[in-house]
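Peer 1:
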Amino acid sequence: QYSLLSMSDLSDDDIFSILHDAKLFDNSMKDWQLPMHNALVANLFFENSTRTHFSFESAQLQLGCKVADFDAKASSVQKGESLYDTVKTFEMIGYKCVVIRHPKDEYFKELEGINIPIVNAGDGKGNHPSQCLLDLLTFYNEFGTLRGLKIVICGDISHSRVASSDKEALERLGSTVVFAGPKEWERPGYPTMDFDQAIEWADVVMMLRIQKERGASLASMTNEEYLKQYGLTKERYSRMQKHAIVCHPAPVNRGIEIDTDLVEAPKSRIFLQMHNGMLVRKAIMKRAFGYAPFKENL
Ligand code: CP
3 QYSLLSMSDL
13 SDDDIFSILH
23 DAKLFDNSMK
33 DWQLPMHNAL
43 VANLFFENST
53 RTHFSFESAQ
63 LQLGCKVADF
73 DAKASSVQKG
83 ESLYDTVKTF
93 EMIGYKCVVI
103 RHPKDEYFKE
113 LEGINIPIVN
123 AGDGKGNHPS
133 QCLLDLLTFY
143 NEFGTLRGLK
153 IVICGDISHS
163 RVASSDKEAL
173 ERLGSTVVFA
183 GPKEWERPGY
193 PTMDFDQAIE
203 WADVVMMLRI
213 QKERGASLAS
223 MTNEEYLKQY
233 GLTKERYSRM
243 QKHAIVCHPA
253 PVNRGIEIDT
263 DLVEAPKSRI
273 FLQMHNGMLV
283 RKAIMKRAFG
293 YAPFKENL
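Positions 3 to 300 (the UniProt record's numbering) are the ones given, in order, by the sequence shown.
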């Protein structure tokens, strides 16, 4: 089985193989399909999603899979069925892989008896490996390396699975990652830097939204005050290094963590990240089905 639950499932070589496959999917392997045609895959999203859900679906359809969309609200989960029994049902009725997003941290620990690959599309504030891989691809394409990169991630760190997966992988691959934002949202073991200092230091400025669905709030602050104190304003953008880029996993809350005019500013790679997300998800699905990395050069 080639499940992908967290970045720790991947060796450094695995990570670079996925990035390489993703790059080929943008070039010579655009039309490559799984030799196992019409493989049934199910996308089980127990939490809202636009990008992850539909870029997995786009990737799967391009690879020749048949895709089942699962609506948790219309499923037997509403009658009290467990996550394990739900996933086991998909296995027993012929599905060959499941992609799961769930609000519970490490929900996959309940799924140890499942015998088809599981791809984690986000667990609570735990892990978001496909987002991490698309971030790595975006940085690698921009800078030609991940070693020695300086990255600041700013905002609601305490509730962010992007922060945790990116920290784990980027530090392992030789980048320096620091965190900024309100003190309330710092996370033990996550090194901090004042955002106004970090903005001039970083190669990558990654902004995060406030995860209100996980209880985050700064009740005493207006959106305008938050943007001024912790957000990416035009003034901060003007102090970034010439070569530096802006990223955001999205969805973006325009005018809160980032000035709306900066979402598509020249340094922004926010929409490019979404395209890269589809590419890495093709590579993740190919791996999940047991196909070895492409040998072709770029
Ligand atoms: N970045 C991300 O996970 O976006 P969605 O919640 O829309 O999937």
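In this text, a Cβ means the ideal position worked out from N, Cα and C, and glycines have one as well.
How is A76 classed by DSSP in three states: helix, strand or coil?
Peer 2: helix
Peer 1: Counting contacts by CB-CB distance shorter than 8 Å, is V248 in contact with chain D?
Peer 2: Among the chains in the structure shown there is no chain D, since it carries only a single protein chain.
Peer 1: What residue from S166, T224, A70, S19 has the CA that sits closest to Q133's CA?
Peer 2: S166
Peer 1: When you compare the CB positions of L46 and F72, do they come within less than 8 Å of one another, or not?
Peer 2: yes
Peer 1: What residue ranges within the region 129 to 203 form continuous alpha helix (DSSP H) runs of no fewer than 4 residues, ordered along the chain?
Peer 2: 131 to 145, 163 to 174, 197 to 203
Peer 1: State the beta-bridge partners of C249 as determined by DSSP.
Peer 2: M208
Peer 1: What span of residues does the beta strand (DSSP E) with V101 cover, start to end?
Peer 2: 99 to 104
Peer 1: Check whether the Cβ atoms of I120 and I102 lie closer than 8 Å to each other.
Peer 2: yes
Peer 1: By the DSSP assignment, the beta strand (DSSP E) with residue 308 in it spans what residues?
Peer 2: Outside the displayed range of the chain (3 to 300) lies residue 308, so it cannot be described from this structure.
Peer 1: Relative to the C-alpha of Q275, which residue among D137, A267, G66 is closest?
Peer 2: D137
Peer 1: Taking three-plus beta-carbon pairs below 8 Å as touching, is the region 252 to 259 in contact with the region 112 to 127?
Peer 2: no
Peer 1: Using the Cα positions of K25 and L210, report the straight-line distance between them to the nearest angstrom.
Peer 2: Between the C-alpha atoms of K25 and L210 there is a straight-line separation of about 26 Å.
Peer 1: Using CA atoms only, rank isn't needed, just tell me which of S270, R241, K98, A76 is closest to V69.
Peer 2: K98
Peer 1: Comparing alpha-carbon positions, which option in F58, K81, H161, D198 lies nearest D107?
Peer 2: Nearest of F58, K81, H161, D198 to D107, Cα basis: H161.
Peer 1: I'd like to confirm something about H22: is its beta-carbon nearer than 7 Å to some heavy atom of the ligand CP, or not?
Peer 2: no
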